[in-house]
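Please read the structure below before turning to the comments.
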Amino acid sequence: MAEIVLREALKRGLEEALDNDPRIFMMGEDIGEYGGAYAVTDGFLKKYGPERIKDTPISEQAFLGAGIGAAAAGLRPIVEFMSMSFTLVAFDQIVNMAANIRYMSGGQISVPMVIRAPTGAGVQLGATHSQSFETWLAEVPGMKVVCPSTPYDALGLLRSAIKDDNPVFMAEPALLYGAKGEVPDEYYDIEIGKADVTREGSDVTLVSYGYGMRPLNEAADRLSAKGVSVEVIDLRSLSPLDITTVVSSVQKTYKLVVVDNARRTGGIMAEVAAEVQERASEWLDGPIMRVGSDDVPWPYNRGLEREVLTDADDILRAVEYGFGL
Numbered sequence: 002m003a004e005i006v007l008r009e010a011l012k013r014g015l016e017e018a019l020d021n022d023p024r025i026f027m028m029g030e031d032i033g034e035y036g037g038a039y040a041v042t043d044g045f046l047k048k049y050g051p052e053r054i055k056d057t058p059i060s061e062q063a064f065l066g067a068g069i070g071a072a073a074a075g076l077r078p079i080v081e082f083m084s085m086s087f088t089l090v091a092f093d094q095i096v097n098m099a100a101n102i103r104y105m106s107g108g109q110i111s112v113p114m115v116i117r118a119p120t121g122a123g124v125q126l127g128a129t130h131s132q133s134f135e136t137w138l139a140e141v142p143g144m145k146v147v148c149p150s151t152p153y154d155a156l157g158l159l160r161s162a163i164k165d166d167n168p169v170f171m172a173e174p175a176l177l178y179g180a181k182g183e184v185p186d187e188y189y190d191i192e193i194g195k196a197d198v199t200r201e202g203s204d205v206t207l208v209s210y211g212y213g214m215r216p217l218n219e220a221a222d223r224l225s226a227k228g229v230s231v232e233v234i235d236l237r238s239l240s241p242l243d244i245t246t247v248v249s250s251v252q253k254t255y256k257l258v259v260v261d262n263a264r265r266t267g268g269i270m271a272e273v274a275a276e277v278q279e280r281a282s283e284w285l286d287g288p289i290m291r292v293g294s295d296d297v298p299w300p301y302n303r304g305l306e307r308e309v310l311t312d313a314d315d316i317l318r319a320v321e322y323g324f325g326l
């Protein structure tokens, strides 16, 4: 067991895959010579060479399309976007091609590829480099979407994504690349589509994923200090969603607060709230409280950016307003 940061966990998983499977290669902007926008692939070009670590032009639609073609032909590419915002340029390839080819070919053609992108605000990259589109992608049939909050989850989910014979989108919270956590030395993986109950409680259920787990855990600690018993759930996967785990928790606590990484309006947590309302309304003692970032463009100014970003105080206000806790 070693304590490492999230980017090191990703690096370990990628190196492991490249070492063990000659069909795996990587492509993306600045992943070779520069070592990746967040240093995840630092040293990879020297170790594996340009045939397997491919720096690409600034043409997201082109290099993702090349990755899809390579996957359909039998390789297992890992494609990295420099920013979640840049996926917009390649949405036709992601949604119409990668996610649909297996269905449209009657199962004759698979697209075993992993698409990675940093997501979210908090690092002063402005309105066009701070988006969280993983919630959009979670709506696309045929595309699995995961978002880790810890180094342990990052490595376990990446391993499962690489083994999957379908396209998996891995949204990596930009604010968490330096987050520390313990990772076992022995092999493990994490089932895609299975949430994690990270803290058991009986008074209220708090649910989030990715960076949202940081303010959520702070809020849970502050509530616990007041004597409130908090159950905490990390979704880990946005598609497929593990609603069963959330419903089971609500049947115990009778109260639910959902916290989105992205903007409150139209986020994946609205879907979680709707599913719980349909499946477990008779168990609820109050409204399902939703917390998310403000519906405004992401500011560059650090103070304004922090004001827009969801924090523990936002979650505590929701708990107090909804349930008086």
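Its first residue numbered 2, the sequence shown is counted upward by one per residue in this note's numbering.
Here a beta-carbon is modelled for each residue, glycine too, at the ideal position from N, C-alpha and C.
Bear in mind that the values here come from a model prediction, so they are computed numbers and not experimental data.
Checklist entry - With C-beta atoms as the reference, is Val331 less than 8 Å away from Val259? => result Lying outside 2 to 326, the shown extent of the chain, residue 331 is not represented and no answer is given.
Checklist entry - Are at least three pairs of beta-carbons, each pair with one atom in the region 81–99 and one in the region 218–234, less than 8 Å apart? => result no
Item to check | Beta bridge counterpart(s) of Phe170 as assigned by DSSP | outcome: Ile116, Val146
Next on the checklist: Beta-carbon within less than 7 Å of Arg200's beta-carbon, same chain only, minus the 5 sequence neighbours each way: which residues are those?
Outcome noted: Ala221, Val231, Glu232, Val233
Checklist entry - Can you tell me where the beta strand (DSSP E) with Met27 in it begins and where it stops? => result 25–29
Checklist entry - Between which two residues does the alpha helix (DSSP H) carrying Glu183 extend? => result Unbroken run through Glu183 is the beta strand (DSSP E), 181–184; no alpha helix (DSSP H).
Next on the checklist: Below 8 Å on the Cβ atoms is my contact criterion, and I expect Glu219 with Ala313 to pass it. Report the Cβ-Cβ distance as a whole number of Å.
Outcome noted: The C-beta distance from Glu219 to Ala313 rounds to 4 Å, short enough to meet the 8 Å contact threshold.
Checklist entry - Cα separation between Thr311 and Gln278? => result 23 Å
Checklist entry - According to DSSP, is Ile163 helix, strand or coil? => result Here Ile163 sits in helix by DSSP.
Item to check | Among Ala155, Asn167, Pro119, Gly123, the one whose alpha carbon lies nearest that of Val141 | outcome: Asn167
Checklist entry - Can the beta-carbon of Arg77 be found less than 8 Å from the beta-carbon of Val41? => result no
Item to check | Distance, Leu177 Cα to Gly33 Cα | outcome: 22 Å
Item to check | Contacting residues, own chain, Cβ-Cβ under 7 Å from Met214 (five flanking each side not counted) | outcome: Ser150, Asp235
Checklist entry - Is Met290 helix, strand or coil by DSSP? => result Looking at Met290 - three-state DSSP - the assignment turns out to be strand.
Item to check | Contact check, Met144 vs Leu158, beta carbons under 8 Å | outcome: no
Checklist entry - Buried or exposed: Lys47, going by 16 or more other Cβ atoms within 10 Å of its Cβ? => result When all chains shown are included, Lys47 counts as exposed.
Item to check | Element boundaries [beta strand (DSSP E), containing Leu239] | outcome: 238–240
Checklist entry - Should the region 122–131 be called in touch with the region 286–303, which here means at least 3 C-beta pairs below 8 Å? => result yes
Checklist entry - Could you give the distance in angstroms between the alpha-carbon of Ser249 and the alpha-carbon of Gly29? => result 41 Å
Checklist entry - Taking the alpha carbon of Phe26 as the point to measure from, which residue in Gly37, Ile54, Asp20, Ala3 has its own alpha carbon closest? => result Ile54
Item to check | Residues that Glu81 bridges to, as DSSP identifies them | outcome: Gly29, Arg117
Checklist entry - If you drop the 5 nearest sequence neighbours on each side, which residues of the same chain put their C-beta closer than 7 Å to that of Ser161? => result Take Ser161, set aside five residues on each side of it, and the residues of its chain with a beta-carbon closer than 7 Å to its own are Asp190, Ile191, Glu192, Ile193, in chain order.
Next on the checklist: Excluding the 5 residues flanking Arg13 on each side, which residues of the same chain have their C-beta closer than 7 Å to its C-beta?
Outcome noted: Correct list, in chain order: Leu156.
Checklist entry - Which residues does DSSP pair with Arg265 in a beta bridge? => result None; Arg265 has no bridge partner.
Checklist entry - Does DSSP classify Arg53 as helix, strand or coil? => result Looking at Arg53 - three-state DSSP - the assignment turns out to be coil, as it is neither helix nor strand.
Item to check | Neighbourhood of Pro152 by C-beta, 6 Å cutoff - its chain only, sequence neighbours within 5 removed | outcome: Ile5, Leu7, Ala10, Gly182, Val184
Checklist entry - What is the rounded straight-line gap between the Cα of Trp284 and the Cα of Tyr255? => result 6 Å
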